[in-house]
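Asker: Take a look at the following structure, please.
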Amino acid sequence: HTHTLTLTHSHTHTPTHTHTFTHKLTLTYTPHTHARTEDDLSFQKAERFQILNNTEGDWWEARSLTTGGTGYIPSNYVAPIDSIQAEDWYFGKMGRKDAERQLLSPGNVRGTYLIRESETTKGAFSLSLRDWDEVKGDHVKHYKIRKLDSGGYYITTRAQFETLQQLVQHYSERAADGLCYHLTGVCVTYIPDTVGLTHDAWEIARESLRLEVKLGAGCFADVWCGMWNGTTKVAVKTLKPGTMSPESFLEEAQIMKKLRHDKLVQLYAVVSEEPIYIVTEFMSKGSLLDFLKDGEGRALKLPNLVDMAAQVAGGMAYIERMNYIHRDLRSANILVGDNLVCKIADFGLARLIEDNEYTARQGAKFPIKWTAPEAALYGRFTIKSDVWSFGILLTELVTKGRVPYPGMNNREVLEQVERGYRMQCPSDCPISLHELMVLCWKKDPEDRPTFEYLQAFLEDYFTATEPQYQPGDNL
1 HTHTLTLTHS HTHTPTHTHT FTHKLTLTYT PHTHARTEDD LSFQKAERFQ
51 ILNNTEGDWW EARSLTTGGT GYIPSNYVAP IDSIQAEDWY FGKMGRKDAE
101 RQLLSPGNVR GTYLIRESET TKGAFSLSLR DWDEVKGDHV KHYKIRKLDS
151 GGYYITTRAQ FETLQQLVQH YSERAADGLC YHLTGVCVTY IPDTVGLTHD
201 AWEIARESLR LEVKLGAGCF ADVWCGMWNG TTKVAVKTLK PGTMSPESFL
251 EEAQIMKKLR HDKLVQLYAV VSEEPIYIVT EFMSKGSLLD FLKDGEGRAL
301 KLPNLVDMAA QVAGGMAYIE RMNYIHRDLR SANILVGDNL VCKIADFGLA
351 RLIEDNEYTA RQGAKFPIKW TAPEAALYGR FTIKSDVWSF GILLTELVTK
401 GRVPYPGMNN REVLEQVERG YRMQCPSDCP ISLHELMVLC WKKDPEDRPT
451 FEYLQAFLED YFTATEPQYQ PGDNL
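Residue numbering for the sequence shown follows UniProt numbering, starting at 1 and increasing by one per position.
What follows is the structure, given as structure tokens:
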């Protein structure tokens, strides 16, 4: 999981010498960030910088006040020195569900906490705190931190504080004082991905990539784990020549690189001559399909599977907000990282494929079983055809990667679905979850839910829909 540090607007204008920033992260790895190119600056946690130029957004030119060295630093690694953003415990814009995912991940214990912007109350904050009891086991509680007109903060009116720092100190030093547990330590986080590989590396030289381990092969591309510049672990998708035109790919890639969300695999760079290489962040556990069939996913129960579905719905809700379309949503195009983090890959690429067998939407290369009928028959791809595919992906999750419509071939599926046939409820799958799938498979695209709705439904599934859930042998 990553968190971006937001800086107030007063810091985004042309910098003067008065702004100093500090490197802030609670790291599980070594707290030292190594330069990836000669233009970048290496630095350590708590190092202070003077910002020389921050007009370029994701990478800023800075001088270290510790070493005197100058170079580019990733802006999402630093925060203004005396600001709340510089505090290890401040996670900024993060939703309730992501706070729970982060606090429940390995390395955190009872009393671990973080503070984030409140989703519901403008100007307020939320304290998210990991707790344990015999009934619920490990879980997270959330407390609203309200702001006084005079500028102070409180969780309960009988204990008011001038600053958030004082509030944190109070609940760390005193016994819980009304909270479920006292604050023991800051939530452990993982190093956020930088935005892009380095300052100004978008179209890169093929020679800068070393392909090391082949992770997978498909009709149109192979996927490798590799190194960029000898410094950075990346995933590289190598497209088979003739798959798509380099010109149209580069045009689409300009849009794809602007799509940034922590549930989307980040596009880092491209090699734009054939064979086209697409360089993205590396995800340690590979595709969701392989993870479910042969990996650690085989043992997962419904709560983990529904959470993974909620993450995918969250990434797709962002694609929906951005008025983009995925066109090829299925478990093979979702990647899994540590702690069951899921990210959406290959968004938008399907439109560019020039293979006749694929563009005819028939034959073995086209994913008919995942495709909405109006898209398969008439090429009408919309966010609503993505919703249909998401319903199919839900069946993949609860059946641990089984191919949809078992026992039917592509032609039969197309004919039967046109006649109104829909996949039955998979064994051990709650009826309420199958009902959600059937909603995704409504004949009229406009009758299908939004991804915003799907995300909310899945995030709250075990409190709102299935509070009585008990784990069974399979799910």
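All C-beta atoms in this analysis are idealised placements derived from N, C-alpha and C, irrespective of residue type, glycine included. Computed from a prediction, not measured in an experiment: that's the story for all the values here.
Which two residues bound the contiguous alpha helix (DSSP H) that contains Pro-373?
Answerer: 373-378
Asker: Using CA atoms only, rank isn't needed, just tell me which of Leu-264, His-182, Val-234 is closest to Lys-141.
Answerer: His-182
Asker: Does the segment 437-448 come close enough to the segment 377-384 that 3 or more CB-CB pairs lie under 8 Å?
Answerer: yes
Asker: For my contact list, Phe-451 and Ala-317 are in at a C-beta cut-off of 8 Å; report their separation, rounded to the angstrom.
Answerer: 4 Å
Asker: What's the C-alpha gap between Tyr-171 and Asp-177?
Answerer: 7 Å
Asker: Quick check: what's the CA-CA separation for Trp-59 versus Ile-51?
Answerer: 11 Å
Asker: Near Val-109, what residues of its chain come up, given a Cβ to Cβ distance below 6 Å and the 5 sequence neighbours on each side ignored?
Answerer: There are no such residues.
Asker: Once the 5 residues before and after Ser-105 are set aside, which same chain residues still bring their CB inside 6 Å of it?
Answerer: Asn-339
Asker: With DSSP as the reference, label Trp-388 as helix, strand or coil.
Answerer: helix
Asker: Please classify Phe-381: does DSSP put it in a helix, a strand, or coil?
Answerer: coil
Asker: Report all residues from its chain with a CB closer than 7 Å to the CB of Gly-401; omit the five preceding and five following residues, and keep chain order.
Answerer: Shown here for Gly-401: same chain residues with a beta carbon closer than 7 Å to its own, the five before and five after excluded, namely Leu-289, Leu-292, Lys-293, Ser-331 in chain order.
Asker: Between which residues of its own chain and Gly-315 is the CB-CB distance below 7 Å, once the five residues before and five after are set aside?
Answerer: His-261, Lys-263, Leu-264, Lys-343, Ile-344
Asker: Output needed for Lys-285: all residues of its chain with C-beta closer than 8 Å, excluding positions within five of it in sequence on either side, in chain order.
Answerer: Phe-291, Gly-295, Glu-296, Leu-335, Val-336, Gly-337, Asp-338
Asker: Given Ala-309, which residues of its chain have a CB within under 7 Å of its CB, disregarding the five upstream and five downstream residues?
Answerer: Leu-394, Leu-397, Leu-458
Asker: From residue 496 to Lys-214, what does the alpha carbon distance come to, in whole angstroms?
Answerer: No answer is possible for residue 496: it lies beyond the span of the chain, which begins at 1 and ends at 475.
Asker: Residue 479: buried (16+ other C-beta within 10 angstroms of its C-beta) or exposed?
Answerer: Any answer about residue 479 is impossible in this case: the structure gives the chain only from 1 up to 475.
Asker: Per DSSP, what kind of secondary structure is Tyr-421 in: helix, strand or coil?
Answerer: The answer is coil: DSSP assigns Tyr-421 none of H, G, I, E or B.
Asker: From what residue to what residue does the alpha helix (DSSP H) around Thr-232 run?
Answerer: Here Thr-232 belongs to no alpha helix (DSSP H); instead the beta strand (DSSP E) covers 232-239.
Asker: With 16 as the cutoff for other CB atoms within 10 Å, does Val-279 come out buried or exposed?
Answerer: buried
Asker: Name the DSSP beta bridge partners of Ala-62, please?
Answerer: Ile-51, Gly-71
Asker: Please determine, among Ile-325, Leu-454, Arg-321, Val-135, the residue with the shortest C-alpha to C-alpha distance to Leu-436.
Answerer: Leu-454
Asker: Just reading off the alpha helix (DSSP H) that Gly-216 is part of, what are its end residues?
Answerer: Not the alpha helix (DSSP H): Gly-216 falls in the beta strand (DSSP E), residues 209-217.
Asker: Is the CB of Gly-348 under 8 Å away from at least one CB in chain D?
Answerer: Here there is only one protein chain, and chain D is not present.
Asker: Within this structure, are the beta carbons of Glu-207 and Pro-246 separated by less than 8 Å?
Answerer: no
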